[in-house]
Amino acid sequence: VQLQASGGGLVQPGGSLRLSCAASGSISSITRMGWYRQAPGKQRELVAIITSGGSITYADSVKGRFTISRDSAKNTAYLQMNSLKPDDTAVYYCNALIFPKSYWGQGTLVTVSS
Numbered sequence: 006v007q008l009q010a011s012g013g014g015l016v017q018p019g020g021s022l023r024l025s026c027a028a029s030g031s032i033s034s035i036t037r038m039g040w041y042r043q044a045p046g047k048q049r050e051l052v053a054i055i056t057s058g059g060s061i062t063y064a065d066s067v068k069g070r071f072t073i074s075r076d077s078a079k080n081t082a083y084l085q086m087n088s089l090k091p092d093d094t095a096v097y098y099c100n101a102l103i104f105p106k107s108y109w110g111q112g113t114l115v116t117v118s119s
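First residue of the sequence shown: 6, per the numbering used here; consecutive thereafter.
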């Protein structure tokens, strides 16, 4: 199983970006997909996750600004990020739980700066 993340880049404060994460390979059923991020000097933290049943969890810091969605037919998850702040600057990692294993993508850098 491979996860290919894309969509990162440089954006000004208040701007928007959309991240995509496509899973490929021998996939029977994806239990959960999500996004985590790691800022310089900090630990990796959860941003948002979505289960196969549609349950969604957001970090408090992104509630109301970020939206996670999923296209099950394409084994792809998306993270729409609006009203971006400098504190959102980090490497964003895609994650997929394909029971019983957890898989990680390569990370995509999001930089929020004027």
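The C-beta atom is built at its ideal place from N, Cα and C for all residues, glycine as well.
(message) Please tell me whether L22 and A10 are closer than 8 Å, where the distance is taken between their beta carbons.
(response) Here the question's residue 22 lines up with position 17 in the sequence shown. Here the question's residue 10 lines up with position 5 in the sequence shown. The answer is no: Cβ separation not under 8 Å.
(message) Can you tell me where the beta strand (DSSP E) holding D76 begins and where it ends?
(response) Numbered from its first residue, the sequence shown carries residue 76 at position 71. Per DSSP, D76 belongs to the beta strand (DSSP E) from 71 to 76.
(message) Tell me which residue opens and which closes the beta strand (DSSP E) that V16 is part of.
(response) Counting from 1 along the sequence shown, the entry for residue 16 is found at position 11. Run containing V16: 14 to 16, per the beta strand (DSSP E) assignment.
(message) Distance check for N100 and K106, CA to CA, integer angstroms please.
(response) Numbered from its first residue, the sequence shown carries residue 106 at position 101. Numbered from its first residue, the sequence shown carries residue 100 at position 95. Cα-Cα distance, rounded: 11 Å.
(message) Using only CA atoms, which one of R37, K47, S66, R70 lies nearest to I54?
(response) As a position in the sequence shown, residue 54 is number 49, starting the count at 1. The shortest C-alpha separation from I54 is found at R37.
(request) Could you give the DSSP three-state label for V6: helix, strand or coil? (result) Residue mapping note: residue 6 aligns to position 1 of the sequence shown, counting from 1. Residue state, collapsed to three classes: coil.
(message) For A64 and A27, I'd like the C-alpha separation in whole angstroms.
(response) In the sequence shown, the residue the question calls residue 64 occupies position 59. In the sequence shown, the residue the question calls residue 27 occupies position 22. Distance between the alpha carbons of A64 and A27: 22 Å.
(request) Could you have a look at S25 and say whether DSSP puts it in helix, strand or coil? (result) For the purposes of this step, residue 25 is taken as the residue at position 20 of the sequence shown. S25: strand per DSSP, three-state reduction.
(request) On a CA-only basis, which of Q111, G112, I103 is nearest S31? Give me that one, please. (result) Residue numbering aside, residue 31 sits at position 26 when the sequence shown is read from its first letter. Closest option to S31, Cα to Cα, is I103.
(message) Given a cut-off of 8 Å on the beta-carbon distance, is the pair A95 and R42 in contact?
(response) Locating residue 95 in the sequence shown gives position 90, where the first residue counts as 1. Locating residue 42 in the sequence shown gives position 37, where the first residue counts as 1. For A95 and R42, yes; Cβs fall inside 8 Å.
(request) Can you tell me which of the three DSSP states S66 falls into? (result) Here residue 66 refers to the residue found at position 61 when the sequence shown is read from its first residue. Helix.
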